[in-house]
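Undergrad: The structure under discussion is supplied below as structure tokens; questions concerning it will follow.
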Amino acid sequence: MTPALMKTPGFCRDCLAEQKADGRRCTSCGSPRLVRHDELYGLTLAHIDCDAFYASVEKRDNPDLADKPVIIGGGKRGVVSTACYIARIHGVRSAMPMFKALEACPQAVVIRPDMEKYVKVGREVRAMMQELTPLVQPLSIDEAFLELGGTERLHQDPPARTLAKFARRVEKEIGITVSVGLSYCKFLAKVASDLQKPRGFSVIGREEAVSFLAPRPVTTIWGVGKAFAATLEADGIRTIGQLQTMEETDLMRRYGSMGQRLSRLSRGIDDRDVHLNDPAKSVSSETTFFYDISRYDDLVPVLRGLSEKVAWRLKKGEIAGQTVVLKMKTADFKSRTRNRKLEDPTQLADRIFRTGIELLQKETDGTKFRLIGIGVTDLCDPHRADPRDLIDVQSGRRAAAEAAMDKLRDKFGKGAVETGYTFGGKRGQ
Ligand SMILES: [Mg+2]
1 MTPALMKTPG FCRDCLAEQK ADGRRCTSCG SPRLVRHDEL YGLTLAHIDC
51 DAFYASVEKR DNPDLADKPV IIGGGKRGVV STACYIARIH GVRSAMPMFK
101 ALEACPQAVV IRPDMEKYVK VGREVRAMMQ ELTPLVQPLS IDEAFLELGG
151 TERLHQDPPA RTLAKFARRV EKEIGITVSV GLSYCKFLAK VASDLQKPRG
201 FSVIGREEAV SFLAPRPVTT IWGVGKAFAA TLEADGIRTI GQLQTMEETD
251 LMRRYGSMGQ RLSRLSRGID DRDVHLNDPA KSVSSETTFF YDISRYDDLV
301 PVLRGLSEKV AWRLKKGEIA GQTVVLKMKT ADFKSRTRNR KLEDPTQLAD
351 RIFRTGIELL QKETDGTKFR LIGIGVTDLC DPHRADPRDL IDVQSGRRAA
401 AEAAMDKLRD KFGKGAVETG YTFGGKRGQ
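Okay, so the sequence shown: first residue is 1 according to our numbering, each after it adds one.
See the structure below:
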């Protein structure tokens, strides 16, 4: 083989020139922002993530902030929502209490989040993604998976180059930056987009997947949060490499269905496709009991847990619902559905739960139930949801408490916080 054929394929992310020689700088424009990889032109699955999204939007709109540390967050008593990269150098992190962030970086400019603006910019970015491929699966306001297989003809370019052009276009036309991860599966595309932030472009190929993953901590694996990592640590497992040496059956025996995920993802096996999120008409959660339950007091904690799940999904999905629906199935398989329309849409577990128990009270007449579920319909944009209720001080306090719990859950995982209603309340499930 001639050396020319052995060369690693690559191009310049600034001028897009193909690199014909193995140098550190672009042979055409001199930029150091090259991307090279043996599998560069064979990979089609991407994860795109905006860099410090809220902070970047604010910097775009106020050039005076360009060189300043910027924190998006809610006042002195709140927490950091997003910190720009300058603030991060000073040690500021997302979810950090604001007073700590200001201790670390007293000169930071603090800006209250302007969600309406961020949603608008997020939609612009998403619209541009959809010009690349119809297969865009958003994960949140500022990130998505894209499957670009089969788009070569449309764009007259392989996916890697199409993605680099996209990143350039977002910078030029929207004025913020993104990081791109390119791989053959969702798991590694997401890992890749995080490797080189900001303005990153990282590639993880099939060949290197196992060796790339081996030295990394188990928390790299999707779904392994702090709590589960502590369980693994207690069993002496810290790195993905250790999981790679274990049998899938052993892992499943120890950790159930999570064991299978550990086994597969640790070896870079992830068959999940990029798919379109269905436009939801309702958000709900239900559970079937191991044995039938008739007592109101036994059903309440179950309803609380389900309400929290529903609220969690509403918040993550940036939607709200105005009608609460209680669903029950009796021991003899008869369905009961009860609705109540609220004055304003909600995203709060507390409001869903309280409406739910009002509906539940009328149903607990000695009937045995095998299933209970709760959800919301009449979905809408969240900006009208849960207006400050000046008359009911209690509900304002509960909303604040719920916001605090959400922050903890964001940080430590869904199981981190239990309310008095759900704590130890797994009866019958
Ligand atoms: Mg982001």
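For every residue, glycine included, the Cβ atom is placed at its ideal position computed from N, Cα and C. Here the structure is a predicted model, which means the values were calculated and not measured.
Rounding to the nearest angstrom, what Cα-Cα distance links residue 234 and residue 346 in this structure?
TA: Position 234 of the sequence shown, counting from 1, holds the residue named residue 234. Position 346 of the sequence shown, counting from 1, holds the residue named residue 346. Their Cα atoms are separated by approximately 40 Å.
Undergrad: So what does DSSP say about residue 391, is it helix, strand or coil?
TA: Sequence index remark: in the sequence shown, residue 391 carries index 391 (1-based). The predicted model places residue 391 with a pLDDT of 46, which falls under 50 and marks its position as unreliable; any figure quoted below should be read in that light. Of the three classes helix, strand and coil, the one that applies to residue 391 here is coil, per DSSP.
Undergrad: Should the stretch 262–281 be called in touch with the stretch 186–196, which here means at least 3 C-beta pairs below 8 Å?
TA: yes
Undergrad: Can you check which of these residues, 156, 362, 196, 163, is closest to residue 145 by C-alpha distance?
TA: By one-based count along the sequence shown, residue 145 stands at place 145. Nearest neighbour of residue 145 by Cα position, chosen from 156, 362, 196, 163, turns out to be 163.
Undergrad: Comparing the CB of residue 53 with every heavy atom of ligand 1, is any distance shorter than 7 Å?
TA: In the sequence shown, residue 53 corresponds to position 53, counting from 1. Yes, the Cβ of residue 53 comes within 7 Å of a heavy atom of ligand 1.
Undergrad: Is any heavy atom of ligand 1 found at a distance shorter than 7 Å from the C-beta of residue 350?
TA: Here residue 350 corresponds to residue number 350 of the sequence shown, with the count starting at 1. No, the Cβ of residue 350 stays beyond 7 Å of every heavy atom of ligand 1.
Undergrad: In this structure, does DSSP put residue 134 in helix, strand or coil?
TA: The count along the sequence shown starts at 1 and reaches residue 134 at position 134. Residue 134: coil per DSSP, three-state reduction.
Undergrad: By how many angstroms is the C-alpha of residue 28 removed from the C-alpha of residue 250?
TA: For the purposes of this step, residue 250 is identified with residue 250 of the sequence shown, where counting begins at 1. For the purposes of this step, residue 28 is identified with residue 28 of the sequence shown, where counting begins at 1. So the two alpha carbons sit approximately 53 Å from each other.
Undergrad: Near residue 204, which residues of its chain fall below 7 Å by C-beta distance, leaving aside the five closest residues on each side in sequence?
TA: Along the sequence shown, read from residue 1 onward, the residue named residue 204 stands at position 204. So the qualifying residues of the chain are 183, 188, 191, 192, 212.
Undergrad: Given this structure, state the Cα-to-Cα distance separating residue 8 from residue 154, to the nearest angstrom.
TA: Translated into the one-based positions of the sequence shown, residue 8 becomes position 8. Translated into the one-based positions of the sequence shown, residue 154 becomes position 154. Near 25 Å, if we compare the C-alpha coordinates of residue 154 and residue 8.
Undergrad: Please classify residue 175: does DSSP put it in a helix, a strand, or coil?
TA: Taking the first residue of the sequence shown as 1, we reach residue 175 at position 175. Residue 175: coil per DSSP, three-state reduction.
Undergrad: With a Cβ-Cβ cutoff of 8 Å, do residue 50 and residue 143 count as a contact?
TA: Your numbering for residue 50 matches position 50 in the sequence shown. Your numbering for residue 143 matches position 143 in the sequence shown. Their beta carbons are under 8 Å apart, which means residue 50 touches residue 143 by this criterion.
Undergrad: Beta-carbon separation of residue 177 and residue 199 under 8 Å?
TA: For the purposes of this step, residue 177 is taken as the residue at position 177 of the sequence shown. For the purposes of this step, residue 199 is taken as the residue at position 199 of the sequence shown. Their beta carbons are under 8 Å apart, which means residue 177 touches residue 199 by this criterion.
Undergrad: Can you list the beta strand (DSSP E) stretches of 3 or more residues lying completely in the stretch 5–68, in chain order?
TA: Here the runs fully enclosed are 10–12, 34–36, 45–50.
Undergrad: Can you tell me the Cα-Cα spacing of residue 338 and residue 303, whole angstroms?
TA: Position 338 of the sequence shown, counting from 1, holds the residue named residue 338. Position 303 of the sequence shown, counting from 1, holds the residue named residue 303. Their backbone Cα atoms lie some 14 Å apart in a straight line.
Undergrad: If we ignore side chains and look at the alpha-carbon of each, how far apart do residue 406 and residue 348 end up?
TA: For the purposes of this step, residue 406 is taken as residue 406 along the sequence shown, with counting starting at 1. For the purposes of this step, residue 348 is taken as residue 348 along the sequence shown, with counting starting at 1. Going from the Cα of residue 406 to the Cα of residue 348 covers about 10 Å.
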